[in-house]
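Enquirer:
Residue numbers (my numbering), protein chains in the order written: chain A, 5 to 398; chain B, 90 to 411.
What follows is the structure in C-alpha cells.
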C-alpha cells in the first residue's frame, strides 16, 4: 500500500468518527497549546528582561559590594560618595561616573499619590544611563552638593501626579518632604512589569538624608568602548578593595547580567515546557487508548483487508498513519490555539509573550512523535491479527 | 479455454496431505487430518459437510489465510509452505477472491470503492482501481449502483458487490463461504447465477462451501467432508433447472481426477466426455480411501489406521504393496 493511500484511509476513518476523533485530539491540542503558550511566556520574559538590561545602557560597569550572584542578598554597602571620585580617577572622566541609592517611597502632589522608586543619583546619571528629558532640566552638580530638594519625575509619575498641568515648577512631597519638580524624563516604556518611568530622581546627598544612610548602594561607570570594560572592571575592583581591606567588590557588566538572567529564564522556560509536555504525553496515552478501541472495533475490517491481500505492514501502516494523523491534526490545532492564546496573553495581561519560531515547529514535531510512540502498540496489534480469527469476530 | 485437451491439467490450487491441528484448552484438535485434492483452473466445486467437518478450515487454507500444520499447498503451482506472511498476503491478493456469508463490505464505503479495495494492496492507482471496479460491478449487473453504500443495497446486491470485489483482481480461484447463507432463495439464486456466469465466462475456478444441498447440487464437483477428511469427491451432472446451461462437456476433463492421485492426469480419463447423464446423476465417484473402501460412502473417520488411508502417502499406483 502506498503511504498516501494510508493517509486517505486515515482521513476517512477520522472523518467517520468526527466527535471521537476531536475528543481524542483534545489531549494533544491542550498539550501542544500549553507548550506553545508557556514557551512564549518564558521567551517573552527573557526578551523583556534582556531588553531591560540593555536599556540600562551599554558599556556600563556596576560596582557592587560582595560577590555578585543571583539569589544572594546584597551585602551591606560600605561605599561612600567619595568613592565616586576614586572611580572617576580610574575611568579618567567624572562625566561617566555616577552612584545610586534607592528606595520605594510614596510621592504625592495634592490628592494624587504614586508609589515610586526614589533614586538618589549624581548629576551624571542621565548621561551614564542615557535618559533624555521630556522637559525641564536634570539635576545639577550644585543640587548634589547642596542637597537641594529638587526632583526629576519619571513619565508615569508625572502623568499620575499632574494629570492636567505642566509639572515643572510644581511641588511634590516625598515621604512628607517637599521637593520642587525641575524636569520630567521621557517615557521609556515598560519592561517585564518594571519600568524606569516609575522612578523619580533626586540628588544623592538629599536621598541619603531622607533614607538616613551615609553610604551608596552602587557606583556605575560607563566605559568609552566595550574593549575597555574588562580592564576597567579589574582596576575599579582592585582600587576599592585596597581602600576597604577585607571587603569584596564585584564589577558587574551587562553581558554578565544578560548571561545569568538568560540562563535562569531558559531554565524556567524549559521547566514550563516540560510541565506542558507532560500533558502532551497524557494526550498521547489517550490516543493510544482510543486507537486500541478502534482496532478492536475494526477487527473484522482488518481481517477482511488481510483476506484481500493486505500485508501485516499495510495494516500497521494504516493504523500508525491514523494515529499520527490524529496527533498531527491535534498538533496543528493546538499550535493555532497556542499562538492565539499567546497573542491574547501578550495583549491583555501584564505577561509579555514572545513566540519563538522553533516552538510551534517543535510542538508539531513532538505531536507527530507522540502519534508514532503511542500508535505503534495499537498498530502492531492490528497488524498481527490472525485474519481467520478476525473475520470470525462479530 | 479449449476443451478435451491432452495436456496435463493445471491446478488453480492443490493440497497435498494437508493437516491442520489447533491447541484448544490444552488439547490438540485435528481439524484437517490429511487432505489431498486439486482444484483445476475454471472448475466449479462445492464443499459440503456437517459442522465441524473441517470445511471452513479447508477454505481458510485454500485461501492462504491460514497455514497447514503439515502438508503442502500449491496455489497457481507455487508452493506456499515456504512463503512468509507478506508472501501469503500477496498470494491472497492476486490469486484468490473471497466471498463471505456475511458479505464483509465496508459500511462507510460505496460499492465502487469496496470493489476496488483489493487493488489498493496491489499498488494499483486510484483511477485505474475505480475503472476496474466499475467494470467488475457491471459484470455482476450492478453498474447502476456504483455510489451506493452497502446499507442502501439489498442482501443479494451486497453479495454481488462482494463477488465483484472477489473478481476485480482477476484471481485464479474464488472461494465462497456459504455465499447464500444470509440470503433468501430468490437472492441466493441470483447470487449463484452470477457466480456461475463468471465461472463460465471467465474461467475462474469457484469453490463453494455450503450446507445447502440444492446449492451444492449446482456445482460440477462435490466434495463431502467429515471429521477432517474428504469422504467423497464426486463429479456430478449439474442439477440446474435453468435450461441455458450448456457447460457439461466442457469441464469434465479437468474435473475427473482423483483427489489423491490428482497429479496423474490420466487418472480420471474414464469419466471423460460423452456422458448423457440425467440431472443430478453422479457421473463419477471417487473414494478418498483407495483400496479399503471402494464404495461411494466410506466412513473413514473411525476406521483403523486413518492416517495412511486417505492421504497421499499411498498414491493409488497399482501393485504397490500396502
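Where a beta carbon is used, it is the ideal one built from N, C-alpha and C, also for glycine. All values derive from a computational prediction rather than experimental measurement.
DSSP state of residue 113 of chain B, grouped into three classes?
Expert: In the structure shown, residue 113 of chain B sits in a strand (DSSP, three-state: E or B).
Enquirer: When you compare the CB of residue 305 of chain A with every CB in chain B, is at least one pair closer than 8 Å?
Expert: By this cut-off, residue 305 of chain A is an interface position.
Enquirer: Over what stretch of residues does the beta strand (DSSP E) that includes residue 323 of chain B continue unbroken?
Expert: Counting along the chain, the beta strand (DSSP E) containing residue 323 of chain B begins and ends at 318 to 325.
Enquirer: Can you say whether residue 66 of chain A is buried or exposed, counting buried as having 16 or more other CB atoms within 10 angstroms of its CB?
Expert: Buried is the call here.
Enquirer: Can you tell me which residues form a DSSP beta bridge with residue 106 of chain A?
Expert: A/123, per the DSSP bridge assignment.
Enquirer: DSSP three-state call for residue 69 of chain A: helix, strand or coil?
Expert: The answer is strand: DSSP assigns residue 69 of chain A an E or B state.
Enquirer: Relative to the C-alpha of residue 119 of chain B, which residue among B/139, B/320, B/267, B/146 is closest?
Expert: When each option's Cα is compared against that of residue 119 of chain B, the closest is B/146.
Enquirer: Span of the beta strand (DSSP E) holding residue 359 of chain A?
Expert: Neither: residue 359 of chain A is in no beta strand (DSSP E) and is coded neither H nor E.
Enquirer: Taking only beta carbons into account, state which residues of the stretch 312 to 338 of chain A come closer than 9 Å to chain B, listed in chain order.
Expert: If the cut-off is 9 Å between Cβ atoms, the stretch 312 to 338 of chain A has 312, 313, 314, 315, 316, 317, 318 near chain B.
Enquirer: Taking 8 Å as the CB-CB cut-off, is residue 397 of chain B touching chain A?
Expert: With a pLDDT of 38 at residue 397 of chain B, under the threshold of 50, the modelled position of this residue cannot be trusted, and the question is left open.
Enquirer: Between which residues of its own chain and residue 292 of chain A is the CB-CB distance below 8 Å, once the five residues before and five after are set aside?
Expert: 327, 378, 379, 381, 382, listed in sequence order.
Enquirer: For residue 178 of chain A and residue 156 of chain A, what's the separation of their Cα atoms in angstroms?
Expert: Between residue 178 of chain A and residue 156 of chain A, the C-alpha separation is close to 12 Å.
Enquirer: Where are the beta strand (DSSP E) runs, 3 residues long or more, that stay fully inside the stretch 150 to 236 of chain B, in chain order?
Expert: DSSP runs (the beta strand (DSSP E)) wholly in the stretch 150 to 236 of chain B: 159 to 164, 185 to 188.
Enquirer: So which residues of chain B does residue 5 of chain A contact, with C-beta pairs closer than 8 Å?
Expert: Per Cβ cutoff of 8 Å: 209, 210, 212.
Enquirer: Could you tell me whether any Cβ in chain B is nearer than 8 Å to the Cβ of residue 383 of chain A?
Expert: Not one chain B Cβ lies under 8 Å of residue 383 of chain A.
Enquirer: So residue 338 of chain A and residue 367 of chain A are supposed to be a Cβ contact under 8 Å. How far apart are they, rounded?
Expert: So it is a contact: roughly 7 Å between Cβ atoms.
Enquirer: Mind checking residue 168 of chain B: buried by the 16 CB within 10 Å criterion, or exposed?
Expert: Per the 10 Å Cβ criterion, exposed.
Enquirer: What is the DSSP secondary structure of residue 93 of chain A, reduced to helix, strand or coil?
Expert: Helix.
Enquirer: Among A/303, A/269, A/264, A/200, which one has its Cα closest to the Cα of residue 134 of chain A?
Expert: Of A/303, A/269, A/264, A/200, the residue nearest in Cα terms is A/200.
Enquirer: Would you tell me roughly how many angstroms separate the C-alpha atoms of residue 122 of chain A and residue 359 of chain A, rounded to the nearest one?
Expert: C-alpha separation (whole angstroms): 35 Å.
Enquirer: In the DSSP output, which residue or residues are listed as bridge partners for residue 157 of chain A?
Expert: Beta-bridge pairing links residue 157 of chain A to A/188, A/204.
Enquirer: Nearest CA to the CA of residue 165 of chain B: which residue from B/157, B/131, B/274, B/141?
Expert: Comparing Cα-Cα distances from residue 165 of chain B to each of B/157, B/131, B/274, B/141, the minimum goes to B/131.
Enquirer: Closest by CA to residue 365 of chain A, which one among A/40, A/7, A/19, A/10?
Expert: Nearest C-alpha to residue 365 of chain A: A/40.
Enquirer: Starting from the C-beta of residue 129 of chain A, find all residues in its chain whose C-beta is less than 6 Å away, skip the five residues before and the five after it, and write them out in chain order.
Expert: Contacts found: 102.
Enquirer: State buried or exposed for residue 273 of chain B, treating a residue as buried only when at least 16 other CB atoms are found within 10 Å of its CB.
Expert: The residue in question, residue 273 of chain B, is exposed, as its Cβ has fewer than 16 Cβ neighbours within 10 Å.
Enquirer: How is the alpha helix (DSSP H) around residue 264 of chain A delimited, first residue to last?
Expert: Taken as a continuous stretch (DSSP letters only), the alpha helix (DSSP H) holding residue 264 of chain A covers 258 to 301.
Enquirer: So for residue 282 of chain B, helix, strand or coil by DSSP?
Expert: Residue 282 of chain B falls in the helix class under three-state DSSP.
Enquirer: Between the beta-carbon of residue 104 of chain B and the beta-carbon of residue 172 of chain B, is there less than 8 Å?
Expert: For residue 104 of chain B and residue 172 of chain B, no; Cβs fall outside 8 Å.
Enquirer: Of all the residues that make up the stretch 12 to 41 of chain A, which are near chain B by a beta-carbon distance shorter than 8 Å?
Expert: Listed in sequence order: 16, 20.
Enquirer: Check whether the Cβ atoms of residue 206 of chain B and residue 228 of chain B sit closer than 8 Å, and answer yes or no.
Expert: No, the pair does not count as a contact, with Cβ atoms beyond the cut-off.
Enquirer: Identify every residue that forms a DSSP beta bridge with residue 266 of chain B.
Expert: Paired residues: B/298.
Enquirer: Bridge partners of residue 140 of chain A, per DSSP?
Expert: Partner(s): A/187.
Enquirer: If we ignore side chains and look at the alpha-carbon of each, how far apart do residue 205 of chain A and residue 106 of chain A end up?
Expert: Between residue 205 of chain A and residue 106 of chain A, the C-alpha separation is close to 9 Å.
Enquirer: Chain A beta carbons: is any one of them nearer than 8 Å to that of residue 193 of chain B?
Expert: Interface residue, yes.
Enquirer: What does the alpha-carbon distance come out to for the pair residue 286 of chain A and residue 302 of chain B?
Expert: Whole-angstrom Cα-Cα distance: 58 Å.
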